[in-house]
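Protein chains: 2
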Amino acid sequence: MKKKEKITIHDIAMEIGVTASTVSRALNNHPRISPATKKMVLEAAKAINYKPNRIAAALRHGKSKLIGIIVPTINRNFFSSIVRGIEEYANARDYKVMISQSYDDYRKEVETIDALLDARVDGIMVSLGKNTHSYAHFDAVLQKGIPLVFFDRTTDELTVNQVVIDDFASAYQATHHLLDQGYRHIAHFTSHMKIKIYLERLRGYSQALRDYGIPFDERLVVESNMQLDGGQESTRFLLEQGLGFDAIFSASDYAIVGALQELKKIQVKIPQEVGLIGFSNEPFTEFTEPALSTVDQKAIAMGQTSAALFFEMIADDGKPKAMVKKTLDANLIIRSSSSRIS
Amino acid sequence: MKKKEKITIHDIAMEIGVTASTVSRALNNHPRISPATKKMVLEAAKAINYKPNRIAAALRHGKSKLIGIIVPTINRNFFSSIVRGIEEYANARDYKVMISQSYDDYRKEVETIDALLDARVDGIMVSLGKNTHSYAHFDAVLQKGIPLVFFDRTTDELTVNQVVIDDFASAYQATHHLLDQGYRHIAHFTSHMKIKIYLERLRGYSQALRDYGIPFDERLVVESNMQLDGGQESTRFLLEQGLGFDAIFSASDYAIVGALQELKKIQVKIPQEVGLIGFSNEPFTEFTEPALSTVDQKAIAMGQTSAALFFEMIADDGKPKAMVKKTLDANLIIRSSSSRIS
DNA sequence: CCAGCAAATGCAATCGATTGCGCTAATATA
DNA sequence: TATATTAGCGCAATCGATTGCATTTGCTGG
């Protein structure tokens, strides 16, 4: 139970009567090693069940083959799906991923960056916390030349590669769809305006209204925490104001469920009287009554794209290319909650 | 942009005129270093912005401070919440977690174990894939003395510490609740019978029936993949068989949503005509119409407990204790789908 | 005043793999 | 046949931190 037979390249070197250097080169398929020797090494390695020590290798050439990921919280379908995408892509290339959560806490985010740096990750991908309005903690990352990728919750205040969906276009589409369905007094649920994705969605929403010749009414734009309770509160607020809205486009699925609940509570018919559209395509949107229209953010693809970007960055190492910004198309998913014209 | 000023203990040693040994000891708060020197070292370290290289340290003393986690898929609330629990607990103790997914694929699981071993993780926590019926790939882990913890999807065929919820008791409770509500023909949705948790839930289900004096009817137990479509199929199957069930206790939330959809499609009233209970407390169960009763598996707590178990194992290293099996209490959450007596 | 001991630090090996440089022998070129 | 090449491999340093053992310095007690 405690047999610590550490098998190293020296063991296999001894086994076949060469030096560790040769074994190392053979294992790495170095051109200056004869095919015969390579074969012997490989066989001996297999025979004595040799496992390379990545830590030693990492120390030597400064590459840990580790990618650090920071998300606000992992137990949210959107983020865990992104992580899934990254993991898939990275694993296939012999990289492992390390997860950290910021809990939308600025301080925790700073600490985590530090921890990842300590762990000597080869790259960092992050989705910014909601309260992150200063970016000095990324300076160290950039300065060390460690590839950094922002996904979804990004910022333009830093010259960093990023992967986002087309928030503007999808918000535009969603709003347009509501207009097509005959809704004319469309409210919008949004979050703190410091975050770009919410700004973009608001922009798409108002642009769609404008293009349709509908005046933008700022009283119909309600800020909240974008959670279930936030959606409930925002809905009650709208009702109390008596502004007579007939649809809601929410920048979050959670908030739109809150709205759905509040409206059903007072017998408002969805979608006949009020149309609803959320954002993110969380799994539960399919299961509500009625099912909620929403925007699919293609989380897994976003993860894969982020990972791909990382590998591009390390491929042409040295040549610092201009900032790359990949925008993925999102998908408006139309379900019952916004379909009153059949 | 390419300033690679690698700062090591040697730099700080030179700075204050001592050797690296002293710096190392000072940094690790070794008792044989004078307080004065320690102070100098700490200050110098801060001054030149020294960051310890964990990789070098890991190589030296064989500890990577990394915990490997294997889950079938990360983008399932239950698993991502467990990961969250583990990450929280581990992070607070200066350990990082590495995520891998098995996709319920046996081969991938084997490869992943190997990859984690390569990465020299200090411990491994896994939730077995659905198709894993052989456990030889864990031998290497055990033999190397690397702490291994199974959570949720475990097996007794290996002497490994595990953390589970009381599947039997919670299934018993759920079934009992249905009986209390007056349902008498309770069907059960389950999965492949090789997995212990499903066996346990089935056992709890049948025991509850027995204790209530209701005969167990195996025709009411339906196997499926436990996904949405599986639940739909199982429901249609039951309906076609014309067995006259009046409730379903499903070992999965996804399958019970499938049942809900099928039943609503043919105007069956929930919970008046048929009562439903799922398992896992996935977020969407709260949002369906009616809201689904389910069993809360306390995922975050399970993650924390698993992590705690790991730290116990490395604490008294060497002394191999007997196998520890922690069983957490689960929580029956009663919502509308099973409440017809008010 | 000196042996004796403890406190504080230095020395050097080590963890395992990698790699620049050098050496040897074989093949090629003149 | 003598020299220039090149293939194939060994030597030894290196990555950065850790640690057993040795050494130095300072202090105590006789």
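So the sequences go chain by chain: A and B. Each residue of the first sequence is one higher than the last, beginning at 1 in full-length UniProt numbering. Each residue of the second sequence is one higher than the last, beginning at 1 in full-length UniProt numbering. Just so you know, even glycine gets a beta-carbon here, dropped at the ideal spot from N, CA and C.
Bounds of the beta strand (DSSP E) holding Ala247(A) are 247-250. The bridge partners DSSP lists for Thr294(A) are Ile333(A).
Put simply, the CB of Met313(A) is far from chain B, with every gap to its CB atoms at 8 Å or more.
Judged by pairs of C-beta atoms under 8 Å, the segment 109-121 of chain A does not touch the segment 77-95 of chain A, as fewer than three such pairs exist.
Less than 8 Å separates the beta-carbon of Ala247(B) from that of His185(B).
Listed along chain A, the residues sitting closer than 8 Å to Pro52(B) by beta-carbon distance are Asp118. Between the alpha carbons of Ala36(A) and Val97(A) lies a distance of about 36 Å. Exclusion of the five residues before and after His133(B) leaves Lys194 as the residues of its chain whose Cβ lies within less than 6 Å of its Cβ. The shortest C-alpha to C-alpha distance from Ile55(B) to any of Ala45(B), Leu66(B), Lys46(B) is the one to Leu66(B). Secondary structure note for Leu220(A): it is in no beta strand (DSSP E), with a DSSP letter that is neither H nor E. Look at Phe189(B) here: in three-state DSSP terms it is strand.
With contacts defined by Cβ atoms closer than 8 Å, Gln101(A) and Ile74(A) form a contacting pair.
Annotated as proximal: Thr175(A) and Tyr205(A), with beta-carbon spacing under 8 Å.
Less than 8 Å separates the beta-carbon of Ala255(B) from that of Phe189(B). Distances from the CA of Val222(A) to each of Ser127(A), Ala58(A), Thr235(A), Asp167(A) were compared; the closest alpha carbon is that of Thr235(A). Under DSSP, Thr327(A) shares a beta bridge with Val164(A). In this structure, Phe287(B) keeps its C-beta atom at 8 Å or more from the C-beta atom of Thr294(A). Beta-bridge pairing by DSSP links Lys96(B) to Leu66(B). With contacts defined by Cβ atoms closer than 8 Å, Gly275(B) and Gln181(B) form a contacting pair. Apart from the 5 residues on each side of it in sequence, Thr19(B) sits with its Cβ closer than 8 Å to the Cβ of Ala13 in its chain, given in chain order. Contact between the segment 140-152 of chain B and the segment 160-167 of chain B is present: three or more C-beta pairs spanning the two stretches fall below 8 Å. Residues of the same chain with a CB within less than 8 Å of the CB of Glu233(B), apart from the 5 flanking positions on each side, are Ser224, Gly258 in chain order.
Around the CB of Arg120(B), 16 or more other CB atoms lie within 10 Å, so the residue is classed as buried. A Cβ-Cβ contact shorter than 8 Å links Pro72(B) with Tyr103(B). Taking 8 Å as the cut-off, the beta carbon of Lys63(A) is found closer than this to the beta carbon of Asp122(A). Using beta-carbon distances, Ser64(A) counts as an interface residue toward chain B, with a partner under 8 Å. Annotation for Val18(B): no alpha helix (DSSP H) segment contains it, and DSSP assigns it neither H nor E. When Cβ-Cβ separations below 8 Å define contact, Gln267(B) makes no contact with chain A. The DSSP-derived three-state label of Ser280(A) is strand. Only residues of its own chain outside the window of five on either side were considered, and among them Ser64 have a CB closer than 6 Å to the CB of Ala58(B), listed in chain order. Listed in chain order, the non-local C-beta contacts of Tyr212(A) below 7 Å within the same chain comprise Leu179, local neighbours out to five positions each way being set aside. For the C-beta of Ser100(A), the chain B residues within less than 8 Å are, from N- to C-terminus, Glu87, Asn91, Lys96. Taken in chain order, the complete beta strand (DSSP E) segments of 3 residues or longer contained in the segment 32-81 of chain B are 66-71. Val126(A) is the residue among Asp94(A), Val126(A), Glu87(A) whose C-alpha sits nearest the C-alpha of Tyr106(A).
As the crow flies, the alpha-carbon of Gly68(A) is around 10 Å from that of Tyr95(A).
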